[in-house]
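Numbering (the numbering used here), first residue to last: 1 to 128.
Here a beta-carbon is modelled for each residue, glycine too, at the ideal position from N, C-alpha and C.
Since the structure is predicted, the reported quantities are computational estimates derived from the model, not experimental observations.
The structure under discussion appears below in the form of structure tokens.
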């Protein structure tokens with residue numbers, strides 16, 4: 001079922017609101033994108049006025065920045081360690097902004113929004 005952003009159905013008095021027009025294509029939205037660990041799957045979605053957005057469904061590499069050295073390298077993701085955004089995402093291994101992943105260089109925190117940016121960018125964090 002499509003996501004639709006429109007008017008609420010009831011007034012504060014309890015009466016029903018009447019639509020002043022029918023639904024339009026521009027009113028449609030999309031559900032949350034849950035990026036996972038796996039072979040690379042990206043989709044480019046077009047918007048109004050030639051605007052495009054790259055959505056990342058799955059990937060197994062991450063661009064990891066080391067703030068102490070000022071370098072960035074492309075590393076393989078070994079596992080999703082933690083996702084504080086949602087307990088269910090944590091269990092399922094969904095990667096969102098703020099998730100902690102394990103790489104060859106250690107733990108890294110995702111700083112990009114994969115569903116919006118189309119790539120996993122991360123910063124190395126100290127292991128506890």
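Rounded straight-line distance, which links the Cα of residue j to that of residue i
| i | j | result |
| --- | --- | --- |
| residue 47 | residue 2 | 16 Å |
| residue 55 | residue 116 | 6 Å |
| residue 104 | residue 125 | 13 Å |
| residue 66 | residue 72 | 6 Å |
| residue 139 | residue 21 | Limits of the chain in this structure are 1 at one end and 128 at the other, which puts residue 139 out of reach. |
| residue 127 | residue 106 | 7 Å |
| residue 24 | residue 45 | 18 Å |
| residue 91 | residue 18 | 42 Å |
| residue 74 | residue 89 | 24 Å |
| residue 97 | residue 57 | 14 Å |
| residue 85 | residue 14 | 35 Å |
| residue 69 | residue 35 | 29 Å |
| residue 53 | residue 102 | 27 Å |
| residue 93 | residue 16 | 42 Å |
Reference residue i, options the options, closest by Cα
| i | options | result |
| --- | --- | --- |
| residue 33 | 114, 75 and 91 | 114 |
| residue 111 | 122, 84 and 80 | 122 |
| residue 37 | 127, 87 and 83 | 83 |
| residue 77 | 15, 24 and 40 | 40 |
Span of the beta strand (DSSP E), counted from its first residue to its last, around residue i
| i | result |
| --- | --- |
| residue 106 | 106–110 |
| residue 101 | 100–103 |
| residue 122 | 121–124 |
Under 8 Å between C-beta atoms of residue i and residue j
| i | j | result |
| --- | --- | --- |
| residue 62 | residue 99 | no |
| residue 50 | residue 118 | no |
| residue 5 | residue 31 | no |
| residue 80 | residue 95 | yes |
| residue 120 | residue 27 | no |
Unbroken alpha helix (DSSP H) run spanning residue i, endpoints
| i | result |
| --- | --- |
| residue 114 | 114–117 |
> Considering only residues of the stretch 42–88, which uninterrupted beta strand (DSSP E) runs meet the minimum length of 3 residues and lie entirely inside it, listed in chain order?
Replying inline: 52–59, 61–66, 71–76 and 79–82
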